[in-house]
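Report on one structure; see the data block that follows.
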Amino acid sequence: MAAIIGISYEYKAVNLSKGEQFTPEFEKLNPLHFVPVLDDGDVVVSDSYAILLVASIVTSSIQPLHMLSNLKYLVQKVGPQESLLFAQTNVEKGFNALEKLLKDINGKYASGDEVYMADVFMAPQIAVAMQRFKIDMSKYPRLCRIFESLKALPEFLDASPERQPDAVH
């Protein structure tokens with residue numbers, strides 16, 4: 005998603021199949037052993053939403069201090085103590101709400117025919133819901149339509165897990 009926002013980054017592979025997420029070095033970054041992790045020297049962020057907020061701070065010329073205070077709040081509230089169980093039990097509740105919110109949107113993406121941050125956040129959530137949580141997406145036709153449109157974009161294709169240098173095939 006960094007390509008859509010227009011920022012550069014250094015990719016460091018973590019081989020999940022070899023258990024590299026369980027090394028003491030990685031555990032210092034994220035005690036839950038999940039990826040992705042953003043290590044910006046002064047700040048370590050291990051939540052996808054918070055990482056995108058950091059990217060917004062870096063690329064935004066408006067209200068960077070407000071964004072930083074939001075980030076600090078999120079890092080406190082969404083951290084290692086949040087369990088995987090919470091995510092699993094709330095995916096369908098969230099998807100039901102999204103379907104209702106999107107009922108009047110007929111464009112390719114969540115806000116019409118242009119990609120916005122909502123799409124950037126939504127795509128990986130849908131992918132994880134299908135792959136990790138085995139959510140039946142036939143109940144969510146709007147989300148499916150949006151996800152299919154996003155998957156056709158080169159930036160989303162390039163960011164897909166299977167296209168990363170450390171992907172296990």
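Everything in the sequence shown is counted per the working numbering, starting at 5 for the first residue and increasing by one. Using N, Cα and C, we set each Cβ at its ideal position, and we do this for glycine too.
Between the C-alpha atoms of Ile55 and Lys16 there is a straight-line separation of about 15 Å.
Non-local C-beta neighbours of Gln25 in its own chain, meaning closer than 7 Å and more than five positions away in sequence, comprise Val18, His37 and Val39, ordered along the chain. Contact between Gly116 and Ile109 holds: CB atoms are separated by about 7 Å, below the 8 Å threshold. For the pair Leu157 and Val132, the Cα-to-Cα distance works out to about 18 Å. For Leu147, the uninterrupted alpha helix (DSSP H) run begins and ends at Pro145 to Lys155, by DSSP.
Distance between Lys22 and Ser12, taken at the CA atoms: about 27 Å. C-alpha of Met141 to C-alpha of Leu147: approximately 8 Å in a straight line. Cβ atoms of Val41 and Ser50 come within 8 Å of each other, at about 5 Å. For Leu36, there is no enclosing alpha helix (DSSP H), as DSSP gives it neither H nor E.
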